[in-house]
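**Q** Counting from 1, one number per residue, gives the positions in the sequence shown under the numbering used here.
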Amino acid sequence: MLYLYCKISKNNIYILHFMEKKIPPIIHYCWLSDEEKPEKIQKCIDSWHAMMPDYEIMCWDMNRFDINSVPFVKTACEARKWAFAADYIRLYALYHYGGIYLDSDVFVYKSFDPFLVHSAFTGSQVNTAIFEAQIREGSNDCVGIEAAVIGAMPKHKWIKDLLSFYDGKTFENTPECRRKFVMTKVVADICAEKYNFKFMPLYQVLDEDVHVYPPDTFSIPTDERCVAKYSTHWCANSWVEHQDNHKYTLKEKVKIFIVHKLIGVNNWRKLTKS
1 MLYLYCKISK NNIYILHFME KKIPPIIHYC WLSDEEKPEK IQKCIDSWHA
51 MMPDYEIMCW DMNRFDINSV PFVKTACEAR KWAFAADYIR LYALYHYGGI
101 YLDSDVFVYK SFDPFLVHSA FTGSQVNTAI FEAQIREGSN DCVGIEAAVI
151 GAMPKHKWIK DLLSFYDGKT FENTPECRRK FVMTKVVADI CAEKYNFKFM
201 PLYQVLDEDV HVYPPDTFSI PTDERCVAKY STHWCANSWV EHQDNHKYTL
251 KEKVKIFIVH KLIGVNNWRK LTKS
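Spelled out as structure tokens, the structure:
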């Protein structure tokens, strides 16, 4: 099937060329707990149906995936740390079936059809409150890959490399282990090492046709009227214990509120460039 790929500027739409869809229209998500889905999660899933009614939606639960087949998944499930187990399962689903993985707390505003022409795609993630300070210090800890939204064609090399990270590893329910396996950092480090990812929250095309979009495309809750915005990740963060969370200072909290809620990330970028 051919897909009409367009570039939209402020006043014009430029037809670039027809491109074949590489990623199948399948949405994968994980729900390993035996608990009922909260209302907020169900509303997110309903948004997928509404915006992408022709997509197949596959729920990965313990009936679909043998949790005992992978030591990391088995030990994460034994600790009831479902999101860590889902880190592996999402990659397994994408490698074998292709499609788009969404965390269950991702709310979709527009169809993901334009991204199906890539071999793989995802988005970057940034802590805007400490980004400028860390850049000055030469640190890249505030930039990662948004693992809540990942798309890939079947058998993609990038997904295979991410799966290989878990080979021979098990999960331990300790703060050190949880920090070690935070997927946004794991994926970013592998992308930097093998795919030429730069730790900047900008649109990047990596090796093997992996497209990384800016944070406000899929992730952070910016102004919903932003034309580049396709989804919001509400960050339920069931895998992060309270003691593992970043302890934001009052100044950082105020900046997050101002940037996200009052000004908007896009306007903030314009202000900081001027």
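Ideal Cβ placement from N, Cα and C applies to all residues, glycine included. Values in this document were obtained by computation on a predicted structure and should not be read as measured data.
Starting from the N-terminal side, write out each stretch of the alpha helix (DSSP H) that is 4 residues or longer and does not extend beyond the segment 144-232.
**A** Counting only runs of 4 or more, we get 157-164, 175-180, 183-194 and 215-218.
**Q** Look at the alpha carbon of K40 and the alpha carbon of D105, and state the distance between them as a whole number of angstroms.
**A** Sequence index remark: in the sequence shown, residue 40 carries index 40 (1-based). Sequence index remark: in the sequence shown, residue 105 carries index 105 (1-based). K40 and D105: Cα-Cα distance of roughly 7 Å.
**Q** Flag this pair as yes or no: are the beta carbons of I150 and S124 separated by less than 9 Å?
**A** If you number the sequence shown from 1, residue 150 lands on position 150. If you number the sequence shown from 1, residue 124 lands on position 124. In this structure, S124 does not lie closer than 9 Å to I150 by Cβ.
**Q** May I ask you to verify whether the segment 152-160 touches the segment 73-88, counting CB pairs closer than 8 Å and requiring at least 3?
**A** The segment 152-160, when compared against the segment 73-88, does not touch it at the 8 Å Cβ threshold.
**Q** What is the DSSP secondary structure of C235, reduced to helix, strand or coil?
**A** As a position in the sequence shown, residue 235 is number 235, starting the count at 1. Three-state result, C235: coil.
**Q** Mind checking whether I23 and V117 have CB atoms under 9 Å apart?
**A** Taking the sequence shown and counting its residues from 1, the one referred to as residue 23 is at position 23. Taking the sequence shown and counting its residues from 1, the one referred to as residue 117 is at position 117. For I23 and V117, yes; Cβs fall inside 9 Å.
**Q** Could you tell me which of A192, E208, Y95 and T122 sits nearest to D103, measuring between CA atoms?
**A** Within the sequence shown, the letter at position 103 stands for residue 103. That would be T122, whose Cα lies nearest to the Cα of D103.
**Q** Candidates S33, L162, K198 and H233: which alpha carbon is nearest E78's?
**A** Working through the sequence shown from its first residue, we reach residue 78 at position 78. Measuring from the Cα of E78, the nearest candidate turns out to be S33.
**Q** For P71 and Y166, I'd like the C-alpha separation in whole angstroms.
**A** As a working note, residue 71 is residue 71 in the sequence shown. As a working note, residue 166 is residue 166 in the sequence shown. Approximately 9 Å, taken between the alpha carbons.
**Q** So for W60, helix, strand or coil by DSSP?
**A** Stepping through the sequence shown from its first residue, residue 60 is reached at position 60. In the structure shown, W60 sits in a strand (DSSP, three-state: E or B).
**Q** Given S231, which residues of its chain have a CB within under 7 Å of its CB, disregarding the five upstream and five downstream residues?
**A** Residue 231 sits at position 231 when you count from the first residue of the sequence shown. Excluding residues within five positions, the ones whose Cβ falls inside 7 Å are V106, F107, V108, Y109, V149 and F218.
**Q** Going by Cα to Cα distance, which pick from D61, A120, K160 and K81 is closest to E172?
**A** What you label residue 172 is simply residue 172 of the sequence shown in a count that begins at 1. Among D61, A120, K160 and K81, the Cα nearest to that of E172 is on K81.
**Q** Taking the Cβ atom as the reference point for each residue, do D61 and W31 lie within a distance shorter than 9 Å?
**A** Mapped onto the sequence shown, residue 61 falls at position 61. Mapped onto the sequence shown, residue 31 falls at position 31. Result yes, Cβ atoms of D61 and W31 sit closer than 9 Å.
**Q** Can you tell me whether H233 is buried or exposed? The criterion is at least 16 other CB atoms within 10 Å of its CB, across all chains shown.
**A** The residue given as residue 233 occupies position 233 in the sequence shown. The residue in question, H233, is buried, as its Cβ has 16 or more Cβ neighbours within 10 Å.
**Q** Could you check the C-alpha separation between V73 and G99 for me, to the nearest Å?
**A** To locate residue 73, count along the sequence shown from 1; it is residue 73. To locate residue 99, count along the sequence shown from 1; it is residue 99. Looking at the two C-alpha atoms, the distance is approximately 21 Å.
**Q** Pull up the CB-CB distance for V187 and L162, whole angstroms please, since I reckon it's below 8 Å.
**A** Counting from 1 along the sequence shown, the entry for residue 187 is found at position 187. Counting from 1 along the sequence shown, the entry for residue 162 is found at position 162. So it is a contact: roughly 6 Å between Cβ atoms.
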